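Q: Sharing a structure below in structure tokens format, with a few things to ask.
Number of protein chains: 2
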Amino acid sequence: MMDIIKLQGKENQSFFKELKKRTTVDFKDYEKPVEEILEAVKTQGDAGLLEYTQRFDGIDLKERGLRVREEEFDEAYNLVEEDFIQALRRAIDNIRSYHERQRQNSWFTTSEGIFLGQKVTPIARVGIYVPGGTAAYPSSVLMNTIPAQVAGVKGIVMVTPPDREGKVSPGVLVAAKELGVKEVYRVGGAQAVAALAFGTESIKRVDKIVGPGNIYVATAKRAVYGYVDIDMIAGPSEVLVIADETANPKFVAADLLSQAEHDEMASALLITTSEKLGMEVREELIRQTQQLERRDIIEKSLRNYGKIMVVEDLKIGVALANEIAPEHLELCVEKPFELLDAVENAGAIFLGHYTPEPLGDYFAGPNHVLPTSGTAKFYSPLSVEDFIKKSSVIYYSQEALRQVKEDVMTLAAEEGLTAHKNSIKVRYEDDDK
Amino acid sequence: MMDIIKLQGKENQSFFKELKKRTTVDFKDYEKPVEEILEAVKTQGDAGLLEYTQRFDGIDLKERGLRVREEEFDEAYNLVEEDFIQALRRAIDNIRSYHERQRQNSWFTTSEGIFLGQKVTPIARVGIYVPGGTAAYPSSVLMNTIPAQVAGVKGIVMVTPPDREGKVSPGVLVAAKELGVKEVYRVGGAQAVAALAFGTESIKRVDKIVGPGNIYVATAKRAVYGYVDIDMIAGPSEVLVIADETANPKFVAADLLSQAEHDEMASALLITTSEKLGMEVREELIRQTQQLERRDIIEKSLRNYGKIMVVEDLKIGVALANEIAPEHLELCVEKPFELLDAVENAGAIFLGHYTPEPLGDYFAGPNHVLPTSGTAKFYSPLSVEDFIKKSSVIYYSQEALRQVKEDVMTLAAEEGLTAHKNSIKVRYEDDDK
Numbered sequence: 001m002m003d004i005i006k007l008q009g010k011e012n013q014s015f016f017k018e019l020k021k022r023t024t025v026d027f028k029d030y031e032k033p034v035e036e037i038l039e040a041v042k043t044q045g046d047a048g049l050l051e052y053t054q055r056f057d058g059i060d061l062k063e064r065g066l067r068v069r070e071e072e073f074d075e076a077y078n079l080v081e082e083d084f085i086q087a088l089r090r091a092i093d094n095i096r097s098y099h100e101r102q103r104q105n106s107w108f109t110t111s112e113g114i115f116l117g118q119k120v121t122p123i124a125r126v127g128i129y130v131p132g133g134t135a136a137y138p139s140s141v142l143m144n145t146i147p148a149q150v151a152g153v154k155g156i157v158m159v160t161p162p163d164r165e166g167k168v169s170p171g172v173l174v175a176a177k178e179l180g181v182k183e184v185y186r187v188g189g190a191q192a193v194a195a196l197a198f199g200t201e202s203i204k205r206v207d208k209i210v211g212p213g214n215i216y217v218a219t220a221k222r223a224v225y226g227y228v229d230i231d232m233i234a235g236p237s238e239v240l241v242i243a244d245e246t247a248n249p250k251f252v253a254a255d256l257l258s259q260a261e262h263d264e265m266a267s268a269l270l271i272t273t274s275e276k277l278g279m280e281v282r283e284e285l286i287r288q289t290q291q292l293e294r295r296d297i298i299e300k301s302l303r304n305y306g307k308i309m310v311v312e313d314l315k316i317g318v319a320l321a322n323e324i325a326p327e328h329l330e331l332c333v334e335k336p337f338e339l340l341d342a343v344e345n346a347g348a349i350f351l352g353h354y355t356p357e358p359l360g361d362y363f364a365g366p367n368h369v370l371p372t373s374g375t376a377k378f379y380s381p382l383s384v385e386d387f388i389k390k391s392s393v394i395y396y397s398q399e400a401l402r403q404v405k406e407d408v409m410t411l412a413a414e415e416g417l418t419a420h421k422n423s424i425k426v427r428y429e430d431d432d433k
Numbered sequence: 434m435m436d437i438i439k440l441q442g443k444e445n446q447s448f449f450k451e452l453k454k455r456t457t458v459d460f461k462d463y464e465k466p467v468e469e470i471l472e473a474v475k476t477q478g479d480a481g482l483l484e485y486t487q488r489f490d491g492i493d494l495k496e497r498g499l500r501v502r503e504e505e506f507d508e509a510y511n512l513v514e515e516d517f518i519q520a521l522r523r524a525i526d527n528i529r530s531y532h533e534r535q536r537q538n539s540w541f542t543t544s545e546g547i548f549l550g551q552k553v554t555p556i557a558r559v560g561i562y563v564p565g566g567t568a569a570y571p572s573s574v575l576m577n578t579i580p581a582q583v584a585g586v587k588g589i590v591m592v593t594p595p596d597r598e599g600k601v602s603p604g605v606l607v608a609a610k611e612l613g614v615k616e617v618y619r620v621g622g623a624q625a626v627a628a629l630a631f632g633t634e635s636i637k638r639v640d641k642i643v644g645p646g647n648i649y650v651a652t653a654k655r656a657v658y659g660y661v662d663i664d665m666i667a668g669p670s671e672v673l674v675i676a677d678e679t680a681n682p683k684f685v686a687a688d689l690l691s692q693a694e695h696d697e698m699a700s701a702l703l704i705t706t707s708e709k710l711g712m713e714v715r716e717e718l719i720r721q722t723q724q725l726e727r728r729d730i731i732e733k734s735l736r737n738y739g740k741i742m743v744v745e746d747l748k749i750g751v752a753l754a755n756e757i758a759p760e761h762l763e764l765c766v767e768k769p770f771e772l773l774d775a776v777e778n779a780g781a782i783f784l785g786h787y788t789p790e791p792l793g794d795y796f797a798g799p800n801h802v803l804p805t806s807g808t809a810k811f812y813s814p815l816s817v818e819d820f821i822k823k824s825s826v827i828y829y830s831q832e833a834l835r836q837v838k839e840d841v842m843t844l845a846a847e848e849g850l851t852a853h854k855n856s857i858k859v860r861y862e863d864d865d866k
């Protein structure tokens with residue numbers, strides 16, 4: 001179970017280094033087989049896709065076809081609970097409403113003879129990878145699709161691996177249908193990434209690929225990066241809870257466990273000003289873990305990457321959080337809004353005693369695709385921003401350019417670029433006559 | 434000199450493929466020596482930096498020191514023209530004023546018992562790489578530093594290689610000083626990137642590294658990516674001019690040449706509805722090239738990556754431009770604003786006959802760090818956005834969470850994550866009693 005330590009100085013640096021090292025996945029072992037798959041799909045198109053689907057997913061899709069048919073979406077609705085559909089719809093409303101606030105407009109500014117602006121255009125076509133099997137998460141469909149839709153992306157295509165009967169997770173299909181995504185292909189793995197990046201007879205190539213996947217998918221995304229854009233390659237998940245003596249140990253333990261159950265590399269950390277709370281949380285962790293289905297994963301995760309740290313005051317706690325830059329940060333303290341300003345590095349910040357992290361995973365509205373393993377120092381949650389791009393716009397009138405021509409020529413000359421200078425000069429050669 | 438071709442169908446696809454291939458730099462040959470340099474600086478700190486600076490830049494900095502001293506900035510002012518300083522100041526005003534419009538604010542929204550928001554925080558510390566020698570461009574200092582300053586980045590540090598006497602380009606120092614950047618180190622190459630990424634006794638590590646550099650610098654940036662963030666690795670530069678019969682062939686030729694002089698891989702393309710203009714531009718290219726200093730580079734660039742394409746109407750021209758997604762797009766037509774809406778993919782768009790691309794390189798205000806080689810389909814110009822990151826913020830009251838608890842638990846259960854479900858459940862266990 002988790003250590004409890006009292007932090008004085010820098011004594012825990014080695015643990016923090018271990019935490020960061022979790023991301024250093026070695027892609028090298030996977031590069032060669034992935035390269036082969038990419039090349040096969042690039043050159044053979046659908047034939048390559050079908051071949052690798054047969055080999056890896058154990059299903060021949062020649063009969064059934066790559067694209068999910070209309071009636072399969074309808075069937076999916078019969079395979080899920082009505083409660084789930086209703087909950088999903090309310091989640092969609094919340095997520096859409098939050099992301100709509102991220103929308104950016106083109107803008108311009110003018111002064112005499114000058115027009116400057118920034119034109120916002122959605123990316124034309126985006127591919128969303130949705131894992132299959134036990135990792136087929138409808139919430140992942142929502143979180144990757146909705147920002148693209150709000151951004152105005154017209155072409156949204158989804159790929160997800162088939163089971164041995166060629167079927168696709170009903171939860172995923174229902175989520176896709178609720179969002180109005182109609183183009184879904186039952187392919188997964190590196191072969192699906194190849195189809196999205198290069199295109200095949202059935203699947204038109206995209207400009208950007210997003211969504212989580214296993215090591216083959218991640219390696220393939222890295223390999224096609226440059227041909228197309230990709231989202232960040234997510235590392236293992238983590239939560240950091242900062243708690244004072246007002247926190248409820250039962251709640252804190254439950255939140256730490258909800259992170260630890262993700263996988264053995266997940267990290268759950270508690271920083272508290274109350275040693276008493278730290279000890280109570282530890283007891284609760286032991287008690288609650290016994291009742292949880294994914295207890296084996298949880299025990300390994302807590303043992304290797306869990307830690308309870310006791311600090312003197314909340315200020316030190318927040319400073320430490322900024323150093324760790326966690327994916328999820330919970331402020332389980334009496335006055336969480338008073339700490340908010342000091343938080344600099346965190347993917348998502350959960351305030352107070354009734355804002356557990358899973359609320360954000362599914363329902364509240366903000367995106368659950370967040371920077372992991374300390375990258376919150378420079379990355380942001382997935383957002384509408386990731387599905388648009390901008391063009392600068394410049395217009396100068398003849399007279400406006402005349403006013404500044406000497407300056408531009410001086411700067412070009414200083415850099416030794418005479419053709420740059422010349423492009424201004426030719427426009428006013430007649431002035432001097 | 435450049436070909437003139439009449440476009441009918443898809444006949445030019447192979448040329449466009451060649452254009453895109455320009456970016457496929459093979460970093461592999463450089464990875465091993467760069468890895469060695471990174472490791473040496475990581476383990477030896479300043480000693481490693483000094484050693485590699487001696488080896489590659491031919492200067493022992495033990496006496497002179499790594500950091501540029503106050504009096505060196507003053508000396509630099511004596512080595513540049515007063516005209517240059519004045520032009521630089523006016524450029525800074527324009528660039529700052531444009532980028533200030535990109536600033537984003539934190540926002541929040543509330544409803545009963547719920548507070549959702551997005552907190553914007555500048556990246557804490559940024560390193561700017563400025564090349565030395567003939568590629569020491571003061572404009573590059575402005576374009577990389579100003580957006581970071583407008584974003585609110587507190588720690589801005591600059592590195593730039595020394596000459597054989599240990600001195601740094603005066604234009605670069607003047608630009609740094611005008612912007613108030615005080616922390617400048619005379620180191621370059623992969624060793625400078627290593628110092629920024631890992632830190633040494635003299636140079637504190639940064640969170641993000643931006644700025645152009647040679648193949649060693651680019652390879653080093655790729656290698657440290659993940660420890661720190663980096664900007665995009667820029668490919669060769671390109672301009673696409675769309676011109677109708679109102680365009681002046683002298684102006685168009687001069688603009689194409691200003692792009693071609695960058696390097697042999699640079700691409701200058703003209704799409705025109707007027708075959709007559711195409712032929713006149715071709716004549717002008719030949720005439721003007723003779724008068725230019727960088728004629729050797731220009732001739733190679735035009736021969737390999739230059740092309741004049743005649744199309745039937747402007748609509749076809751813009752569609753082709755969207756496919757090419759050029760770094761710079763000039764609309765040298767009678768009514769450029771009427772074409773603007775149809776432009777989807779371009780780094781920067783220059784409208785009309787008096788907005789040559791070099792105006793944007795130096796002076797107008799928008800950033801000159803732009804997506805190259807077709808990546809404008811998914812990337813944007815360097816902006817304030819690149820120097821901030823966002824955190825989602827969520828607060829739910831006890832009552833607000835109670836209202837939605839069933840939905841969250843239903844969604845968690847559907848995904849088989851029972852500890853997620855449990856984190857909601859524990860908060861309301863007493864409700865049921």
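Residue numbers (our numbering), protein chains in the order written: chain F, 1 to 433; chain V, 434 to 866.
In this text, a Cβ means the ideal position worked out from N, Cα and C, and glycines have one as well.
It should be emphasised that the depicted structure is a prediction, and the values quoted were computed from it without experimental measurement.
Roughly how many angstroms lie between the CA atoms of V:Q836 and F:R89, to the nearest whole one?
A: Their backbone Cα atoms lie some 15 angstroms apart in a straight line.
Q: Along the chain, where does the alpha helix (DSSP H) that runs through F:A243 open and close?
A: Segment E238 to A243 is the beta strand (DSSP E) holding F:A243; no alpha helix (DSSP H) there.
Q: Look up V:G550 in the DSSP assignment and say whether it is helix, strand or coil.
A: Strand, per DSSP.
Q: Could you confirm whether any beta carbon from chain V is found closer than 8 angstroms to the beta carbon of F:R22?
A: Output row for F:R22: interface = no.
Q: Excluding the 5 residues preceding and the 5 following V:N800 in the sequence, name in chain order all residues of the same chain whose CB lies nearer than 6 angstroms to its CB.
A: M576, P814 and L815, listed in sequence order.
Q: Once you ignore the five residues that flank V:E717 on each side, which residues in its own chain have a CB closer than 7 angstroms to its CB?
A: So the list reads P682, K683 and A686, once near-sequence residues are dropped.
Q: Please report the straight-line C-alpha distance between V:R500 and V:I636, rounded to a whole angstrom.
A: Roughly 9 angstroms between the two C-alpha positions.
Q: How far does the beta strand (DSSP E) with F:V310 in it reach, from first residue to last?
A: Start and end: K307 to V310.
Q: Between the region 830-855 of chain V and chain B, which residues of the former have CB atoms less than 7 angstroms from a CB of the latter, in chain order?
A: Protein chains F and V are contained in the structure displayed, whereas chain B is not.
Q: Let me check understanding here. Comparing Cα to Cα, which of F:I394, F:L331 and F:F73 lies closest to F:E183?
A: When only C-alpha atoms are compared, the closest one is F:F73.
Q: If F:V434 and F:A197 are in contact, beta carbons under 8 angstroms, what's the gap, nearest whole angstrom?
A: Absent from the model: residue 434 of chain F. The displayed extent of chain F is 1 to 433, so no value can be given.
Q: In chain order, which continuous runs of the alpha helix (DSSP H) of length 4 or greater are located wholly inside the region 164-212 of chain F?
A: Listed in chain order, they are 170-179 and 189-198.
Q: Report the neighbours of V:K641 on chain F: residues whose CB is nearer than 9 angstroms to its CB, in chain order.
A: Result: K377 and F378.
Q: Would you check if there are 3 or more beta carbon pairs closer than 8 angstroms linking the region 312-326 of chain F to the region 787-794 of chain V?
A: No, they do not touch.
Q: Tell me the rounded alpha-carbon separation between V:S539 and V:T554.
A: Going by the C-alpha atoms only, they are around 8 angstroms apart.
Q: Check F:A348 in the structure and name its three-state DSSP category.
A: The answer is strand: DSSP assigns F:A348 an E or B state.
Q: Run the CB neighbour count on F:R303, radius 10 Å, all protein chains shown included, and call it buried at 16 or more, exposed below.
A: Flag for F:R303 reads exposed.
Q: Could you tell me the alpha carbon to alpha carbon distance between V:V639 and V:E678, rounded to whole angstroms?
A: Using only the alpha carbons, I get a separation of about 51 angstroms.
Q: Can you tell me whether V:T705 is helix, strand or coil according to DSSP?
A: Strand.
Q: May I have the straight-line CA-CA distance separating V:G622 from V:Y738, to the nearest angstrom?
A: When rounded, the distance between both Cα atoms is 29 angstroms.
Q: Between F:V157 and F:R164, what straight-line distance do the alpha-carbon atoms span, to the nearest angstrom?
A: Between F:V157 and F:R164, the C-alpha separation is close to 22 angstroms.
Q: Helix, strand or coil: how does DSSP classify V:R558 here?
A: V:R558 falls in the strand class under three-state DSSP.
Q: Could you tell me which residues DSSP pairs with F:D229 in its beta bridges?
A: BP columns for F:D229 point to F:K208.
Q: So what does DSSP say about V:F541, is it helix, strand or coil?
A: It is a strand residue.
Q: Helix, strand or coil: how does DSSP classify V:Y828 here?
A: In this structure, V:Y828 counts as strand in the three-state DSSP scheme.
Q: Identify, in the order they occur along the chain, each residue of the same chain with its Cβ nearer than 7 angstroms to the Cβ of F:A176, setting aside the five sequence neighbours on each side.
A: If we look at F:A176 and ignore the five residues flanking it on each side, its Cβ neighbours are V141, M158 and V184.
Q: Only counting the same chain, and skipping five residues up and downstream in sequence, which positions put a Cβ closer than 7 angstroms to that of F:L277?
A: Answer for F:L277: A243, E245, A247 and P249, listed in chain order.
Q: Please say whether V:F783 and V:N527 have beta carbons closer to each other than 8 angstroms?
A: No, the Cβ-Cβ distance between V:N527 and V:F783 is not below 8 angstroms.
Q: How do the region 818-828 of chain V and the region 400-418 of chain F stand: do at least 3 beta-carbon pairs fall below 8 angstroms, yes or no?
A: No, the region 818-828 of chain V is not in contact with the region 400-418 of chain F.
Q: Just the chain F side, please: which residues come within less than 7 angstroms of V:S734 by C-beta, in chain order?
A: Going along chain F, no residue has its Cβ under 7 angstroms from V:S734, so there is no contact; the nearest lies around 11 angstroms.
Q: I think F:L417 touches V:E694, with their Cβ atoms under 8 angstroms apart; what is that distance to the nearest whole Å?
A: Going by Cβ atoms, the distance from F:L417 to V:E694 rounds to 6 angstroms, so yes, they are a contact pair.
Q: Bridge partners of V:V590, per DSSP?
A: According to DSSP, V:V590 bridges with V:G560 and V:E616.
Q: Taking Cβ positions only, does V:P791 come closer than 8 angstroms to chain F?
A: Yes, because at least one Cβ of chain F sits closer than 8 angstroms to the Cβ of V:P791.
Q: Could you please tell me which residues of the region 792-804 of chain V, in chain order, have their CB closer than 8 angstroms to any CB of chain F?
A: Within the region 792-804 of chain V, the residues whose Cβ lies closer than 8 angstroms to some Cβ of chain F are L792, G793, D794, Y795, F796, A797, G798, P799, N800, L803 and P804, listed in chain order.
Q: Quick one: which chain F residues come within Cβ less than 9 angstroms of V:Q721?
A: The answer, in chain order, is A419, N422 and V426.
Q: Which residues in the same chain as V:L773 place their Cβ atom closer than 8 angstroms to its Cβ, once the five residues preceding and following it in sequence are excluded?
A: Closer than 8 angstroms at Cβ, skipping near neighbours: L764, I782 and L784.
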